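So the sequence shown is numbered by this note's numbering: it starts at 29 and just counts up by one. C-beta: ideal position from N, C-alpha, C; glycine also. Quick caveat: nothing in here was measured; it's all calculated off a predicted structure. Structure first, commentary second.
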Amino acid sequence: MIRTTLATISALLALALPAAAADDFMATPTLRASVAVSSDVVRVGDLIDNAGSAALIPVYRSPDLGTTGTLTVGQVLSVLRAKQVIGVMTGDIKEVQVTRLARTLASKDLETAVASALERRFGLGDAANITVTFDRGIADMRLDASNTGALQPVATRYDARGGRFDVTFEINNDNSPTPTKLRFTGTAIETVEVAVLTRDIDRTELLKASDVSLERRPKAEVTGEPASRDRTLGMQLRRPMRAGMPIRVADIVKPDFVVRDQAVTIIYQVPGVYLTTRGKAIESGAEGDTVSVINLQSKRTLTGIVTGRGQVTIQGASQSAPMAPAVEQTSSLKRDEVPAAAALAQSLIQAPAPGAHVAQAQIPQVRVSQAPAKSE
């Protein structure tokens, strides 16, 4: 009888209350195990579901931006009772984690923002080539999560002589019409990527992969066009250089295939005939360079093009450019054409014989390879 009466009273009260009041009356406050807040205080409504009119009551100070704090269930219930909030269902929850939401600005992103603000201004180049150093070592910066706008530079100053910058940014804030301001000072220097020697190198050495590293150096330190690492490999320096020195394009040359006073092979080559003789280089030269050599037999000075290591090719009258060196080549001339080719070679390689003896002169130390004449 008593139970029936209580059920009837409860039903009548539910019918008599407004709909919203009935929801508050029927819903049970329930504790949350994990809480995320964006403001600097934690409120009752952050900690429990169905908090009703008590939802806006502040109970805790929020953790630092971007961090998480932990509270035991006993601590939470004690604070809630002090705020006249009772009857909270906890279930099997043992502790409550509270996380303060934040917007994180990575230090690299801040460097990029400053470089972009200075890009192509004050005599500087691309942002990618500007190295930024802040006066105070800046790690990742955390802002209130309401700062959702982009970093907008509103004041930019730069001293080209000392590389000093002073840049102020604004960020739109969702909770306030006044944007958040951030100011940074430091140095900004334009740099270039350049090949750098890892050890002392003499002029005669060929540059190897282990001899060169790639670094960024202040542009002011590298006068002229900086050399890339790939471009330096296999090349020689124009002068001896010490470890740590940046390499410019003007500092490297092709390796010498012929060295001054070196014994060389002098090659005379025209279509159908290939002649060689001994000689000595008067000057050094890389592949493709024009150098002077002495024919050791005739003592005649000749000018030719370096076509290989220790090889100098003399350009024939019928050649518009030097031909590639050959170890041995078979002539396509017929037998009756060989004397004419030999005479031509003699006029270019051998010293001219006096008077009537020119026609009978021989070409010492010269090989003429000839293929058998084809039958008609």
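{"Asked": "Option in Gln325, Gly313 and Arg328 with minimal Cα separation from Val340", "Found": "Gly313"}
{"Asked": "Alpha carbon of Ser212 to alpha carbon of Glu198, nearest angstrom", "Found": "This sequence places Phe at residue 212; Ser is not what is there. Their backbone Cα atoms lie some 12 Å apart in a straight line."}
{"Asked": "Contact set for Gly383: own chain, Cβ-Cβ below 6 Å, skip 5 residues either direction", "Found": "Because the pLDDT of Gly383 is 45, which lies under 50, any placement of that residue in the model is unreliable, and the question is left without a value."}
{"Asked": "Proximity to Thr161 [Cα-Cα], best of Gly214, Leu146 and Thr127", "Found": "Gly214"}
{"Asked": "Cut-off 8 Å between Cβ atoms - residues of its own chain near Leu234, not counting five sequence neighbours on either side", "Found": "Gly262, Met263, Gln264 and Pro283"}
{"Asked": "Between the CA atoms of Leu75 and Val222 - distance to the nearest angstrom", "Found": "58 Å"}
{"Asked": "Burial state of Ser241, where buried means 16 or more other Cβ atoms lie within 10 Å", "Found": "exposed"}
{"Asked": "Minimum C-alpha distance to Glu123 - residue among Asp154, Ile229, Ser62 and Pro207", "Found": "Ser62"}
{"Asked": "Collapsed DSSP secondary structure at Thr213 in the structure displayed", "Found": "strand"}
{"Asked": "Straight-line gap, Thr219 to Ser256 (C-alpha atoms, nearest Å)", "Found": "14 Å"}
{"Asked": "Anticipated Cβ contact below 8 Å, Val113 with Pro57, distance rounded", "Found": "7 Å"}
{"Asked": "Bounding residues of the beta strand (DSSP E) (the contiguous stretch that carries Gly336)", "Found": "Thr329 to Gly336"}
{"Asked": "Stretch pair the stretch 195-209 + the stretch 166-177: three plus CB contacts closer than 8 Å", "Found": "yes"}
{"Asked": "Backbone CA spacing between Arg244 and Leu146 [nearest angstrom]", "Found": "19 Å"}
{"Asked": "Under 8 Å between C-beta atoms of Gly316 and Ile295", "Found": "no"}
{"Asked": "Burial state of Asp289 (16 or more Cβ within 10 Å)", "Found": "exposed"}
{"Asked": "Contact under 8 Å by Cβ, Thr140 with Ala64", "Found": "no"}
{"Asked": "Bridge partner(s) assigned by DSSP for Pro246", "Found": "Thr219"}
{"Asked": "Same chain, Cβ closer than 8 Å to Gly338, neighbours up to 5 away in sequence not counted", "Found": "Phe285, Val286, Gln290, Ala291, Val292 and Thr293"}
{"Asked": "Host alpha helix (DSSP H) of Val101 (start-end)", "Found": "Val101 to Ala110"}
{"Asked": "Boundaries (first-last residue) of the beta strand (DSSP E) holding Ser320", "Found": "Thr318 to Asn323"}
{"Asked": "Three-state secondary structure (DSSP) of Ser174", "Found": "coil"}
{"Asked": "Beta-carbon gap between Ala130 and Asp172 smaller than 8 Å", "Found": "yes"}
{"Asked": "Residue burial classification, Pro254 (beta-carbon count within 10 angstroms, cutoff 16)", "Found": "buried"}
{"Asked": "Reference Met269; option with closest CA among Asp230, Lys247 and Thr304", "Found": "Asp230"}
{"Asked": "Val70 to Gly115 span [Cα, whole Å]", "Found": "20 Å"}
{"Asked": "Supposed close pair Glu311, Val298 - CB separation, criterion 8 Å", "Found": "In fact, because the Cβ distance is near 25 Å, the residues do not count as touching under 8 Å."}
{"Asked": "Asn323 beta carbon less than 8 Å from that of Gly300", "Found": "no"}
{"Asked": "Per-residue burial, Leu225 [other beta carbons within 10 Å of its own, 16 or more giving buried]", "Found": "buried"}
{"Asked": "DSSP bridge partner residues for Gln297 (one or two, in chain order)", "Found": "Tyr302 and Gln343"}
{"Asked": "Secondary structure of Glu123, DSSP reduced to three states", "Found": "strand"}
{"Asked": "Under the three-state DSSP convention, the category Asp239 falls into", "Found": "helix"}
{"Asked": "Spatial distance of Asp120 from Thr96 (CA atoms)", "Found": "21 Å"}
{"Asked": "Beta-carbon gap between Ile166 and Leu210 smaller than 8 Å", "Found": "no"}
{"Asked": "Close Cβ partners of Thr331 (< 7 Å) along its chain, the five nearest in sequence each way excluded", "Found": "Thr318 and Ser320"}
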